[in-house]
Amino acid sequence: MATRGQCLCKKTSWVYKGDQTWACYCHCDDCRRNCAAPVVAWLGVPIENSEWTGDKPSTYESSKGVFRHFCGTCGSPIGFEADHYPGGMHLYAGSLENPEEFQPTFHFNNQSRLPWLQMTDDLDAFEGTLLHSPNDPAGY
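Counting the sequence shown from 1 gives a position; our numbering is that position plus 93.
(1) From Asn127 to Cys119, what distance separates their C-alpha atoms?
(2) Which residue or residues does DSSP assign as beta-bridge partners of Trp135?
(3) Just to confirm my understanding: we take Thr146, look at its own chain, exclude 5 residues before and 5 after, and list those with CB closer than 7 Å. What are they?
(4) Near Gln96, which residues of its chain fall below 6 Å by C-beta distance, leaving aside the five closest residues on each side in sequence?
(5) Pro197 and Ala116 look like a contact to me (Cβ under 8 Å); what is the Cβ gap, rounded to whole Å?
(6) Can you tell me whether His265 is buried or exposed, with buried defined as 16 or more other CB within 10 angstroms of its CB?
(7) Please determine, among Ser169, Gly158 and Trp135, the residue with the shortest C-alpha to C-alpha distance to Asn202.
(8) Measuring CB to CB, does Ser172 end up less than 7 Å from Leu189?
(9) Mind checking Tyr153: buried by the 16 CB within 10 Å criterion, or exposed?
(10) Quick check on Gln204: buried or exposed, where buried means 16 or more other Cβ atoms within 10 Å of its Cβ?
(11) Return the CA-CA distance between Phe195 and Gln113, expressed in angstroms with no decimal places.
(12) Return the CA-CA distance between Gly187 and Val133, expressed in angstroms with no decimal places.
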């Protein structure tokens, strides 16, 4: 089974085969600012099961060892890799070909949740980063 996604202009796209490792919401300031959104929805997949299709994305190193991928034409953010998640590709759920099928299972960086953002799900919410949560995807 292949899952696909693309940027706004559809020039940069991605595909992965197999299952995702995790699906969640991030409330950290970096993710919010990168997307100009109050919260960001992510899915993680093994990098070996994913590939860029169409134009390769542009990449910005937002902090040491953290790489944010985006379309060089329209600017849409579409992926994230970090040295501290070896073997993992994080993809923005909003870039999914069928985002209505996305089913997040937890929140992280909940300590940074904006006070005016009301989310009424009953998902687990972890105060720290994904790296330090029980849902840490160590070993993609």
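Even for Gly, the Cβ is constructed at its ideal location relative to N, Cα and C.
Short version:
(1) Against the sequence shown, residue 127 aligns to sequence position 34. Against the sequence shown, residue 119 aligns to sequence position 26. Rounded to whole angstroms, Asn127 to Cys119 spans 12 Å at the Cα level.
(2) For the purposes of this step, residue 135 is identified with residue 42 of the sequence shown, where counting begins at 1. For Trp135, which the question treats as bridged, DSSP gives the partners Cys117 and Tyr185.
(3) Within the sequence shown, numbered from 1, the residue matching residue 146 stands at position 53. Only Ser106, Trp107 and Val108 meet the Cβ criterion.
(4) Locating residue 96 in the sequence shown gives position 3, where the first residue counts as 1. One point to set straight first is that residue 96 is Thr, not Gln, in the sequence displayed. Around Thr96: Tyr109.
(5) In the sequence shown, counting from the first residue as 1, residue 197 sits at position 104. In the sequence shown, counting from the first residue as 1, residue 116 sits at position 23. Going by Cβ atoms, the distance from Pro197 to Ala116 rounds to 5 Å, so yes, they are a contact pair.
(6) Because residue 265 is not part of the residues shown, which for the chain are 94 to 233, the question remains open.
(7) Within the sequence shown, numbered from 1, the residue matching residue 202 stands at position 109. The shortest Cα separation from Asn202 among Ser169, Gly158 and Trp135 belongs to Trp135.
(8) Here residue 172 is taken as the residue at index 79 of the sequence shown, counted from 1. Here residue 189 is taken as the residue at index 96 of the sequence shown, counted from 1. Per the sequence shown, the amino acid found at residue 172 is Gly instead of Ser. Not closer than 7 Å, so no.
(9) Mapped onto the sequence shown, residue 153 falls at position 60. The C-beta of Tyr153 has fewer than 16 other C-beta atoms within 10 Å across all chains shown, which makes the residue exposed.
(10) The residue given as residue 204 occupies position 111 in the sequence shown. Its Cβ having fewer than 16 others within 10 Å, Gln204 is exposed.
(11) The count along the sequence shown starts at 1 and reaches residue 195 at position 102. The count along the sequence shown starts at 1 and reaches residue 113 at position 20. Straight-line Cα distance between these residues: approximately 11 Å.
(12) Translated into the one-based positions of the sequence shown, residue 187 becomes position 94. Translated into the one-based positions of the sequence shown, residue 133 becomes position 40. Going from the Cα of Gly187 to the Cα of Val133 covers about 8 Å.
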